[in-house]
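Residue numbering for the sequence shown follows the working numbering, starting at 1 and increasing by one per position. One structure below.
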Amino acid sequence: MSAPHSGRWFVLSLVLVTVLTVGFTGGYGLGLWQQRSQLDDITYTEPLQSDLFWKVWETVQEDYVNQPVEDNTLFYGAIRGVADAVNDPYTTFFDPVESSTFMESINGTFGGIGAEIGEQDGQIVVIAPLANTPAEQVGLLANDVIIQIDGTDTTGMSVDEAIALIRGEAGTQVILTIYREGATEFTEYTITRAIIDVPSVEYETVSAGDRSIGLIHLYHVDETSADDMHAILNQVLLDQPSGLILDMRNNPGGVLSDAIDITSFFIDDGVIVSEQYSNGSIRSYQSSVEVILPNDPPLVVLVNGGSASAAEIIAGALQDYKRGYIMGQTTFGKGSVQDYREFPDGSSLKVTAAHWLTPLGRTIEDIGITPDQIVDGDALEAAIEYFSQ
1 MSAPHSGRWF
11 VLSLVLVTVL
21 TVGFTGGYGL
31 GLWQQRSQLD
41 DITYTEPLQS
51 DLFWKVWETV
61 QEDYVNQPVE
71 DNTLFYGAIR
81 GVADAVNDPY
91 TTFFDPVESS
101 TFMESINGTF
111 GGIGAEIGEQ
121 DGQIVVIAPL
131 ANTPAEQVGL
141 LANDVIIQID
151 GTDTTGMSVD
161 EAIALIRGEA
171 GTQVILTIYR
181 EGATEFTEYT
191 ITRAIIDVPS
201 VEYETVSAGD
211 RSIGLIHLYH
221 VDETSADDMH
231 AILNQVLLDQ
241 PSGLILDMRN
251 NPGGVLSDAI
261 DITSFFIDDG
271 VIVSEQYSNG
281 SIRSYQSSVE
291 VILPNDPPLV
301 VLVNGGSASA
311 AEIIAGALQD
321 YKRGYIMGQT
331 TFGKGSVQDY
341 REFPDGSSLK
351 VTAAHWLTPL
361 GRTIEDIGIT
371 PDQIVDGDAL
381 EAAIEYFSQ
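What follows is the structure in structure tokens.
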């Protein structure tokens, strides 16, 4: 399903430590990043304090005890320092070798544990374990803090570095040392990596008293999700349930165009989401496809701390337009855009370029979407109870 905004391609969510044989352009999501652009012409300007830079360069090159020190090592290390200086876990420079590995992880096949990994308050955390994956099966939970990966301390580690350590050949094992809020000690989880195929959306009906309720599980948002949702909503029209539940708990995000299309199925017209740049300018994305369920049936949307990025965009728009009643826990708060650029030498840069805003101008980054009704227990049970009243 194409949309007017498909000329620019974005992926929402954080870093998917798994293999999805569908979507995520081969299985990789990182915050939100736009279509790769090749930079053929680069203009360099005289840096401030260049004499200091070269003095440090020469001193390390000549005096460092473990010789030789390669020029490329210092060169790419210095550039990496520029990206690291902004203290943003989603702004990263890749040298040519790292860049090649990064692109292989996007376009290729790799083993993982089936969990979305991100950064929160300077710590590497589990955003969401995906359903029926090794991460879920061993008991990882949203908001678990990863203290060590195979014995390597994650303090100061970037998200990309953590991902590189967690990924590996299918069938091999990785040991994660986890801190869980309220626990008095760390817990080690030994997880066997696997090639994981996770469906993006599933549909069923449940009973709420004497009423039939449609239940849509949106596990993540990939490049087929909007088409799949279109078919499901047409089935909903045939079933004519008394209510509809959209379950996006532990949905780590996905493809922007599909997130906009899915939201547009419920909203007749208007802005779905906007992006705000550093200069204050704003670009808005309008509803993009023909609406299917603009008013009925009543809609409840389930979210939790593992709902991030694309899921937050959908929930935020449905809440702003009062098309959906949001239940559960406050979402993760991942609302930034990463611009990915390739350079002629094979290196690349991923830099946070914008933040997302809901239709009413609410920011998502570090705040998340607060539900209309906080549910501490089983949110699905609460939603069914909501419709049985």
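C-beta: ideal position from N, C-alpha, C; glycine also.
Practice item. Any chance you could list the alpha helix (DSSP H) runs of at least 4 consecutive residues sitting entirely within the region 253 to 294, in chain order? Key: If only uninterrupted alpha helix (DSSP H) runs of at least 4 residues are considered, those enclosed by the region 253 to 294 are 256 to 264.
Check your understanding: Do the CB positions of Tyr285 and Ala354 come within less than 7 Å of each other?
Key -> In this structure, Ala354 does not lie closer than 7 Å to Tyr285 by Cβ.
Check your understanding: From Leu318 to Ala311, what does the alpha carbon distance come to, in whole angstroms?
Key -> Each residue's alpha carbon lies about 11 Å from the other.
Review point. Rounded to the nearest angstrom, how far is the Cβ of Val291 from that of Ser274, given a contact under 8 Å?
Key: About 20 Å separates the beta carbon of Val291 from that of Ser274, a gap too long to meet the 8 Å contact definition.
**Study point:** Backbone CA spacing between Gly139 and Val126 [nearest angstrom]
**Key:** Cα to Cα, Gly139 sits roughly 12 Å from Val126.
**Study point:** Residue interval of the alpha helix (DSSP H) (run including His230)
**Key:** Here the alpha helix (DSSP H) through His230 covers Ser225 to Asp239.
Check your understanding: Excluding sequence positions up to five away, which residues of its chain have a Cβ less than 7 Å from the Cβ of Gln390?
Key -> Absent from the model: residue 390. The displayed extent of the chain is 1 to 389, so no value can be given.
Practice item. Starting from the N-terminal side, write out each stretch of the alpha helix (DSSP H) that is 4 residues or longer and does not extend beyond the region 306 to 358. Key: List check, alpha helix (DSSP H) in window: 310 to 320.
Check your understanding: Secondary structure at Ser212, three-state DSSP: helix, strand or coil?
Key -> In the structure shown, Ser212 sits in a strand (DSSP, three-state: E or B).
Review point. Among Ile117, Gly118, Tyr76 and Asp121, which residue has its Cα nearest to the Cα of Ser99?
Key: Check the Cα spacing between Ser99 and each of Ile117, Gly118, Tyr76 and Asp121: the tightest is with Tyr76.
Review point. For Val145, does the three-state DSSP call read helix, strand or coil?
Key: Strand at Val145.
Check your understanding: Ends of the beta strand (DSSP E) at Asp247?
Key -> First-last of the beta strand (DSSP E) with Asp247: Gly243 to Asp247.
Check your understanding: So which of Phe102, Asn143, Gly122 and Val86 has the shortest CA-CA distance to Ala308?
Key -> Looking from the CA of Ala308, the closest CA among Phe102, Asn143, Gly122 and Val86 belongs to Asn143.
Check your understanding: What span of residues does the beta strand (DSSP E) with Ala115 cover, start to end?
Key -> Run containing Ala115: Ala115 to Gln120, per the beta strand (DSSP E) assignment.
Check your understanding: Which residue comes first and which comes last in the alpha helix (DSSP H) that contains Ile163?
Key -> Residues Val159 to Ile166.
Exercise for review: Take every Cβ of the region 159 to 169, pair it with every Cβ of the region 113 to 122, and state whether three or more of those distances are shorter than 8 Å.
Suggested key: By the Cβ rule, the region 159 to 169 counts as touching the region 113 to 122, because three or more pairs are nearer than 8 Å.
Point to revise | Outcome for Gln67 when other beta-carbon atoms lying within 10 angstroms are tallied against a minimum of 16 | key: By the 10 Å Cβ count, Gln67 comes out exposed.
Point to revise | Cut-off 6 Å between Cβ atoms - residues of its own chain near Ile367, not counting five sequence neighbours on either side | key: Here the set comprises Gly333.
**Study point:** Extent of the continuous beta strand (DSSP E) to which Gln389 belongs
**Key:** Segment: none, Gln389 is in no beta strand (DSSP E) and carries neither H nor E.
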